[in-house]
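Counting in the numbering used here, the sequence shown runs from 11 upward without gaps. Right, one structure below, let's go through it.
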Amino acid sequence: MNWQLGIALYAAGISTMVLIWRLIEFYFEKAGRIKVVAIIMPRYKIWDDPTFDDPTQKLIVTITNFSKHRRIIEAPNIVTDIKIREGNVFAIGSIHLRNKFPLALEPGEKKEFYYDKDEYYHYYKREGVTKIQILITDTLNKSYKSKWVSYKII
11 MNWQLGIALY
21 AAGISTMVLI
31 WRLIEFYFEK
41 AGRIKVVAII
51 MPRYKIWDDP
61 TFDDPTQKLI
71 VTITNFSKHR
81 RIIEAPNIVT
91 DIKIREGNVF
101 AIGSIHLRNK
111 FPLALEPGEK
121 KEFYYDKDEY
131 YHYYKREGVT
141 KIQILITDTL
151 NKSYKSKWVS
161 YKII
């Protein structure tokens, strides 16, 4: 076997492995890596001072972009554990807050949004909702969901 043929085969093998690696990397990057976390902050008093007392609970939504590229996300939605008249996906937040979307998330960037939980609680309680999930979609129409969160007043 000629040494030039050996070098050519070696280069072809390396090129093929790099091509396969790039295709796999492209596929996983296109899938996106956005983490959505939903937490319900309990009511509490600070220093026993009524001026620091917040009478409402907050639903805190944290969105983190773990991909290598910028992602543009739409406004968060609530998914309920049971279907209510219109379905089980509902918009959350005021019109003012929803006007800030679509929102660009740079690689590694984290955004937090605070919503008044009591604003929706009585409606969901009447309908029998016990758990919610936060749904985020990006402009590539990929969906990302948080874990289920208990929606009871603490």
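We put the CB at the ideal spot given by N, CA and C, even for glycine.
- In summary, V99 is exposed, with fewer than 16 beta-carbon neighbours lying within 10 Å of its beta-carbon over all protein chains present.
- In this structure, R80 keeps its C-beta atom at 8 Å or more from the C-beta atom of E137.
- Around the beta-carbon of S156, 16 or more other beta-carbon atoms lie within 10 Å, marking it buried.
- If only complete runs of 3 or more residues are kept, the stretch 65-137 shows the beta strand (DSSP E) at 68-75, 81-83, 87-94, 97-101, 113-115, 120-126, in order along the chain.
- Assigned with DSSP and collapsed to three states, V47 falls in strand.
- Taking the Cα of Y125 as reference, the smallest distance to any Cα among E35, V28, R95, I144 is reached at I144.
- For I102, the number of other beta carbons within 10 angstroms of its own is at least 16, and it is reported as buried.
- About 18 Å separates the beta carbons of V159 and A85, which is beyond the 8 Å limit, so they are not a contact pair.
- Counting C-beta atoms within 10 angstroms of its own C-beta, T90 has 16 or more neighbours from the protein chains shown and is therefore classed as buried.
- By the Cβ-count criterion, V46 is buried, with 16 or more other Cβ atoms from all chains shown falling within 10 Å of its own Cβ.
- Under DSSP, I142 forms a beta bridge with T90, V159.
- Between R43 and F76, the beta carbon gap of about 4 Å places them in contact (Cβ cut-off 8 Å).
- By the criterion of a C-beta distance shorter than 6 Å, T74 is surrounded in its chain by K45, K120, once the five residues flanking it on both sides are discounted.
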